[in-house]
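Right, one structure below, let's go through it.
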Amino acid sequence: GQQVMQIPQYQHVQEGEDFTTYCNSSTTLSNIQWYKQRPGGHPVFLIQLVKSGEVKKQKRLTFQFGEAKKNSSLHITATQTTDVGTYFCAGHRGSTLGRLYFGRGTQLTVWP
Amino acid sequence: EAQVTQNPRYLITVTGKKLTVTCSQNMNHEYMSWYRQDPGLGLRQIYYSMNVEVTDKGDVPEGYKVSRKEKRNFPLILESPSPNQTSLYFCASTDRVGVGTDTQYFGPGTRLTVL
């Protein structure tokens, strides 16, 4: 079954609005990674979080890793049309280090 | 330029005709992995390799084979392709997995259609 759940599946926002996607794992993760995939492109690594409660920022993007290391979120402030794409979370579990479990992604559409 | 390359980029084939999708990285990465992407299902891991001669199954290994005879190459083999293997395939590599910043680089993808 799906190891990592991600919601929402789709999000449509007007430029300037904020956007958040959430990831939830049934088991504790050793890390959480976030990727962005533009339409027709390949996934591009954005960031990795490894510590419980960790928060990292990249310009308008804020990434959080939950205290229990089972959930994570990506928040974009004041979206721009360049933010369009699908955002995926993915995590490793300590017991099977090579396995990477992806969420199904959130497809973000931004209209001007 | 650091990159992961895949060939072919597009392939249309018929059921049962063996095919190989090649993957190569020029970053001396130890870890390589194959994923398939299907609409609504996201990315699912097929096989991964922690190092040369070390491979292991991911979520959906059935119908696929891999080999890792040298560090830079990680081919994906479909011995007898079936229509349910029609998908977009990505190869990826990274220096290490687990704790620590391990940027995973993805190839451009191979769109496979099995008739």
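Protein chains in written order, with this note's numbering: chain A, 617 to 728; chain B, 45 to 159.
Every residue, glycine too, gets a C-beta built ideally from N, C-alpha and C.
Along chain A, in chain order, which residues have C-beta atoms closer than 7 Å to that of M94/B?
-> The count along the second sequence starts at 1 and reaches residue 94/B at position 50. The contacting residues are G714.
Sufficient close CB pairs (3 or more, under 8 Å) joining the region 96-108 of chain B to the region 134-154 of chain B = At 8 Å Cβ cutoff, the stretches do not touch.
Span of the beta strand (DSSP E) holding S646/A?
-> Walking along the first sequence from the start, residue 646/A turns up at place 30. Per DSSP, S646/A belongs to no beta strand (DSSP E) and is neither H nor E.
Expected contact under 8 Å - CB spacing of R654/A and G719/A to nearest Å = Along the first sequence, one-based indexing puts residue 654/A at 38. Along the first sequence, one-based indexing puts residue 719/A at 103. No, R654/A and G719/A are not in contact; Cβ-Cβ is about 17 Å, not under 8 Å.
Is the Cβ of R654/A closer than 8 Å to any Cβ of chain B?
-> What you label residue 654/A is simply residue 38 of the first sequence in a count that begins at 1. It does not: the Cβ of R654/A has no partner Cβ on chain B nearer than 8 Å.
Where Q129/B sits in the DSSP three-state scheme = If you number the second sequence from 1, residue 129/B lands on position 85. Three-state DSSP puts Q129/B in a helix.
Close Cβ partners of Q89/B (< 8 Å) along its chain, the five nearest in sequence each way excluded | For the purposes of this step, residue 89/B is identified with residue 45 of the second sequence, where counting begins at 1. So the list reads S77, W78, Y79, G102, D103, V104, once near-sequence residues are dropped.
Three-state secondary structure (DSSP) of T697/A = Taking the first sequence and counting its residues from 1, one reaches residue 697/A at position 81. The answer is helix: DSSP assigns T697/A an H, G or I state.
Entirely within the region 75-105 of chain B and at least 3 residues each: give me those beta strand (DSSP E) ranges in chain order.
-> 75-82, 86-95, 98-101
With a Cβ-Cβ cutoff of 8 Å, do D699/A and L724/A count as a contact?
-> Against the first sequence, residue 699/A aligns to sequence position 83. Against the first sequence, residue 724/A aligns to sequence position 108. With a cutoff of 8 Å on beta-carbon distance, D699/A and L724/A are scored as near each other.
Please determine if the region 58-75 of chain B and the region 112-121 of chain B are in contact, where contact requires at least 3 C-beta pairs separated by less than 8 Å.
-> yes
Option in Q47/B, T64/B, Y75/B with minimal Cα separation from G107/B = The sequence position of residue 107/B within the second sequence is 63, counting from 1. Among Q47/B, T64/B, Y75/B, the Cα nearest to that of G107/B belongs to T64/B.
CB contact below 8 Å: Q129/B versus chain A = Position 85 of the second sequence holds residue 129/B. No, Q129/B lies away from the interface with chain A (no Cβ there is under 8 Å from its Cβ).
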